[in-house]
Amino acid sequence: MVAHPEELTALRGVCRADLEVRRDAGGLSPRADSGAKAPLSSCCVGVIAAVWLAACGAQPPAARDARRSGPATSPATASAPAARAEGAPPRGPQRIISLVPAVTEMLYAIGAGPRVVGVSSFDTYPPDVLALPKVGGLIDPDLERIITLRPDLVIVSESHTDLRAQLAGAGLSMFPHALGDLANVTRTIRALGVSTGLEPQADAVARAIDSRLDAVRSRVAGRPRPPTLLVFSRAPDALRDVFVSGGVGFLHDLLELSGGANVFGGIQREGLQATSEMMLSAAPAVIIELRYGRAITAADAERDRAAWSALSAVPAVRFGRVHVLVGDELVVPGPRVADTAERMARLLHPDAFR
Amino acid sequence: MARAAAGGLIRRRLVLTIGAFGLAAAAVCLLAPLVGSTPIRLRRVFDGSIPFAENPDAQIFFIARLPRALAGALVGAALAASGVVFQALLRNPLATPFTLGVSAGAALGAMLVITFPLQIALGGVSAVPVASFAGSLGAGGPRNTRGTAGGGAGWPQGERGGGGEQYALILFIQYIADFSQTYRTVRWLMGDLDVSGYVPILAALPFTVAAFVAFAFLPRALNLLALGPDHAAAHGVDVQRTQRLAFFSASLATGAAVSLGGPVGFIGIVVPHLVRLMVGADHRLVLPASALFGAAFLVLCDVGARSLLAPMELPVGILTAMVGGPFFLWLLIRKS
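Chains as they are written, first to last, in my numbering: chain F, 194 to 547; chain U, 82 to 417.
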């Protein structure tokens with residue numbers, strides 16, 4: 194296999210970006226003075242990397258197709274089919290890479306899905322993303338693949354400090370995302386609408402989520418709020434390494450909105466390790482455990498529930514109110530938060546849903 | 082005649098030393114469960130008229146605190162005694178399960194089982210201690226063969242700073258594990274004695290007992306080995322057999338300790354050296370006294386770990402490292 198000429202071009206563009214910041218994708222074509230200006234070593238590294246990438250066949254076919262239809266022709270070719278059908282000029286970025294699974298879901302929810310050309314290695318939802326090129330995750334973003342995909346908007350996490358500097362150096366636009374509280378979900382969706390030129394759609398999605406959350410809130414309003422322990426990680430077969438939600442973050446907000454009182458709500462942290470003593474003295478009336486990641490069977494969930502019997506003095510254990518919720522979406526602060534709120538509220542206030 | 086008198090003297094000193102260190106260890110283990118983030122009433126703890134299932138005070142005492150103190154005692158004793166054995170075996174005052182990489186090997190074995198839940202529970206007992214013992218042997222094994230191949234008595238004296246390969250593999254496992262598992266294994270590597278029950282302790286106990294039985298045969302030979310393998314051989318010590326027994330039993334103890342509490346660092350160096358300052362260099366005294374002092378030391382560190390940042394907790398390994406790190410440096414400077 195030989196490196197695709199466009200890959201080489203793109204990577205030489207990266208080398209030059211060390212020296213100059215440029216925003217237009219068209220500017221990535223080689224220029225006479227580029228070799229003289231760019232540090233030779235970084236150019237070599239770039240070219241070698243490109244050859245290696247191509248030789249390994251590391252790029253899935255989708256990436257190659259996307260690249261060919263991309264900057265070689267006018268940007269409109271790659272735009273959303275809807276915009277083309279209306280004959281309207283394309284608005285906003287047309288080639289988006291998302292390194293944040295929660296934001297990927299938001300992009301699809303607001304109708305920007307067809308513009309997504311790359312996602313993080315941890316993206317699994319919606320299923321469409323499984324076919325897209327993967328460009329690494331929080332700790333190992335693959336700068337070269339990102340640049341080779343020629344994005345015009347990259348969704349990064351606030352903690353991607355190095356990557357953000359590199360992307361800025363390459364002249365790419367970014368949308369930084371920070372983890373936050375529950376309100377941050379719809380706030381991010383709206384901001385995403387502005388950045389992608391899909392404001393009406395984003396606004397509608399945000400309003401739908403807000404109204405579903407409001408519905409849950411009013412369903413449980415006025416009911417006694419059971420002290421609840423929200424577990425988001427622990428050892429599979431024992432009550433060890435139990436990590437629970439503190440009083441900050443969207444998990445805590447979801448629990449409180451669904452009518453539970455977080456027993457560790459007074460600790461101003463997103464997560465903390467709860468020892469058996471802490472759980473015994475907190476005496477939660479309900480325990481909700483979130484399970485996600487690998488395929489989890491009903492038997493696994495039942496084993497998880499059974500492990501709690503060791504702490505029989507905890508009211509939730511004694512009165513059979515330990516619940517295991519299964520689903521990857523539970524820990525994603527994305528458009529599916531309303532589903533989670535409804536599931537939690539049903540566990541906390543079964544009477545309200547009769 | 083003089084020899085018998087010396088024997089009587091050492092027996093008296095042994096009784097005195099074990100008595101004093103044993104009392105201190107027992108006192109710490111009894112008092113530790115009384116300390117915690119939650120105030121509990123002892124009268125309620127031992128009130129038989131309240132069913133255990135409805136008695137939070139009793140559960141805090143018997144499920145949260147007592148197993149924790151016992152686990153601390155077991156881990157502390159095993160790591161401190163292994164430290165003594167490794168130091169004598171390699172004739173290197175800086176040798177510990179931690180610096181030799183035996184802890185890292187044990188941690189690697191345990192982590193493999195934790196990350197890839199191979200449901201190979203052996204008759205209801207967790208596979209973690211077994212994996213962690215295998216890991217600790219694997220870490221020291223190459224050194225063992227290298228040492229004995231060169232003429233039987235040639236254990237490398239200056240060897241230190243092992244465990245590099247094991248740490249590399251640990252990092253690799255963390256990298257390929259999913260995010261929440263990585264979070265947990267990172268936490269586990271800091272040491273954690275919150276075992277919430279007696280099952281993990283019982284799982285580690287047979288290995289620890291076996292190791293300590295082996296330790297009981299070692300002190301005299303270790304005294305002679307400390308003067309050099311040739312000297313020991315001249316006094317009728319089967320050097321190779323002693324080295325193997327010492328190595329296997331210390332690895333076994335380390336494996337059991339790491340499987341129970343994670344790779345808690347520096348116990349194996351701080352405790353033996355402090356004990357030597359108190360009782361001298363005779364392994365007949367140093368070994369049992371270190372085990373008892375190690376138990377008390379780790380239980381005390383754990384009390385600190387759960388009360389310093391209350392209501393949150395500090396991983397106990399951070400505390401032992403904060404004490405042990407500077408101590409290790411001091412030893413290093415003093416030695417060179």
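The beta carbon of each residue, even a glycine, is placed where N, CA and C say it ideally should be. This structure is a prediction, so every number in the text was calculated from the model and none was measured.
By DSSP's criteria, residue i is part of a beta bridge. Which residues make up the other side?
i	result
P32 of chain U	What is shown of chain U runs 82 to 417, which leaves residue 32 of chain U out entirely.
R484 of chain F	F:V519
Q466 of chain F	F:F436
V367 of chain F	The question names Val, but residue 367 of chain F in the sequence shown is Met. BP columns for M367 of chain F point to F:V347.
G129 of chain U	None; G129 of chain U has no bridge partner.
T421 of chain F	F:N455 and F:V479
V280 of chain U	According to DSSP, V280 of chain U bridges with nothing at all.
G415 of chain F	Beta-bridge pairing links G415 of chain F to no other residue.
V312 of chain F	F:S291 and F:K327
S388 of chain F	Answer is none; S388 of chain F lacks a bridge partner.
S426 of chain F	F:F436
Should residue i go down as buried or exposed, given a rule of 16 or more other Cβ atoms within 10 Å for buried?
i	result
G342 of chain U	buried
Q287 of chain F	buried
R322 of chain U	exposed
F127 of chain U	exposed
F214 of chain U	buried
G406 of chain U	exposed
F425 of chain F	buried
D275 of chain U	buried
S388 of chain F	buried
M271 of chain U	buried
V312 of chain F	buried
P320 of chain F	exposed
D316 of chain F	buried
S217 of chain U	buried
I290 of chain F	buried
L375 of chain F	buried
W411 of chain U	exposed
A376 of chain U	buried
Quick check: what's the CA-CA separation for residue i versus residue j?
i	j	result
G285 of chain F	P526 of chain F	24 Å
A428 of chain F	N304 of chain U	43 Å
T354 of chain F	L365 of chain F	15 Å
H354 of chain U	A362 of chain U	9 Å
L592 of chain F	A302 of chain F	This structure gives no information on residue 592 of chain F, because the portion of chain F shown stretches from 194 to 547.
T335 of chain U	L193 of chain U	17 Å
A101 of chain U	V360 of chain U	11 Å
G263 of chain F	R338 of chain F	Confidence at G263 of chain F is low in this model, with a pLDDT of 34, below 50, so the placement of that residue is unreliable and no value is reported for it.
R536 of chain F	T379 of chain F	19 Å
A475 of chain F	L299 of chain U	48 Å
F378 of chain U	T490 of chain F	43 Å
V384 of chain U	A370 of chain U	21 Å
L111 of chain U	F457 of chain F	29 Å
A488 of chain F	R539 of chain F	23 Å
D544 of chain F	R416 of chain F	10 Å
L504 of chain F	V510 of chain F	7 Å
A285 of chain U	V293 of chain F	42 Å
R122 of chain U	G129 of chain U	14 Å
F296 of chain U	R529 of chain F	59 Å
V339 of chain U	R405 of chain F	49 Å
**Prompt:** Pairing CB atoms from the segment 340-356 of chain U with CB atoms from the segment 147-161 of chain U, are three or more of them under 8 Å?
**Reply:** These segments touch.
Q) Mind listing which residues of the segment 96-119 of chain U have their C-beta closer than 7 Å to chain F's C-betas, in chain order? A) So the list reads G117, S118 and T119, given in the order they occur along the chain.
With three or more beta-carbon pairs closer than 8 Å as the criterion, would you say the segment 358-373 of chain F touches the segment 429-436 of chain F? Verdict: no, contact absent.
Checklist line | the segment 368-375 of chain F / the segment 341-353 of chain F touching (three or more Cβ pairs under 8 Å) | finding: Contact annotation: the segment 368-375 of chain F touches the segment 341-353 of chain F, with at least three C-beta pairs closer than 8 Å.
_Across the segment 311-321 of chain U and the segment 182-192 of chain U, are there enough close Cβ pairs to call them in contact, namely three or more that are closer than 8 Å?_
Taking 8 Å as the limit for Cβ pairs, the verdict is that the segment 182-192 of chain U does not touch the segment 311-321 of chain U.
Check: For the segment 271-292 of chain U, which residues have a CB atom closer than 9 Å to at least one CB atom of chain F, in sequence order?
Finding: So the list reads D273, D275, V276, S277, G278, V280 and P281, given in the order they occur along the chain.
Worksheet item: Does the segment 471-488 of chain F touch the segment 403-416 of chain F, meaning 3 or more C-beta pairs lie closer than 8 Å?
Response: Verdict: no, contact absent.
field: Contact between the segment 276-292 of chain U and the segment 443-458 of chain F (3+ Cβ pairs under 8 Å)
entry: No: the two stretches stay apart, fewer than three of their Cβ pairs being nearer than 8 Å.
- Message: Counting only Cβ-Cβ distances shorter than 7 Å, please list the residues of the segment 129-143 of chain U near chain F, keeping chain order.
- Response: Cβ contacts with chain F come from A134, E135, N136, P137, Q140 and I141.
> What residues in the segment 404-422 of chain F have a beta carbon less than 8 Å from any beta carbon of chain U?
Replying inline: Per Cβ criterion, the list is empty.
**Prompt:** Do three or more CB pairs link the segment 461-476 of chain F to the segment 129-141 of chain U at distances below 8 Å?
**Reply:** Touching, yes, given that three or more Cβ pairs across the two stretches are closer than 8 Å.
In chain order, what residues of the segment 483-508 of chain F put their CB closer than 7 Å to some CB of chain U?
-> Contacts with chain U (Cβ-Cβ distance below 7 Å) from the segment 483-508 of chain F involve G486, A503, L504, S505 and A506, listed in chain order.
### Query
With a cut-off of 8 Å, do at least 3 Cβ pairs link the segment 88-108 of chain U to the segment 515-523 of chain F?
The segment 88-108 of chain U makes no contact with the segment 515-523 of chain F: fewer than 3 CB pairs, one atom from each, lie closer than 8 Å.
query: Going along the chain, which residues of the segment 465-477 of chain F sit with their C-beta nearer than 7 Å to a C-beta in chain U?
result: Near chain U, meaning a CB-to-CB distance below 7 Å, the residues of the segment 465-477 of chain F are L465, Q466, T468, S469, E470, M471, L473, S474 and A476.
**Request:** Could you please tell me which residues of the segment 421-437 of chain F, in chain order, have their CB closer than 9 Å to any CB of chain U?
**Result:** Contact residues of the segment 421-437 of chain F toward chain U are F425, S426, R427, A428, P429, D430, A431, L432, R433, D434, V435 and F436 (C-beta to C-beta distance below 9 Å).
Inset, instruction - Please list the residues of the segment 508-523 of chain F that have a C-beta atom closer than 7 Å to any C-beta atom in chain U, keeping them in chain order. - result: Cβ contacts with chain U: R511.
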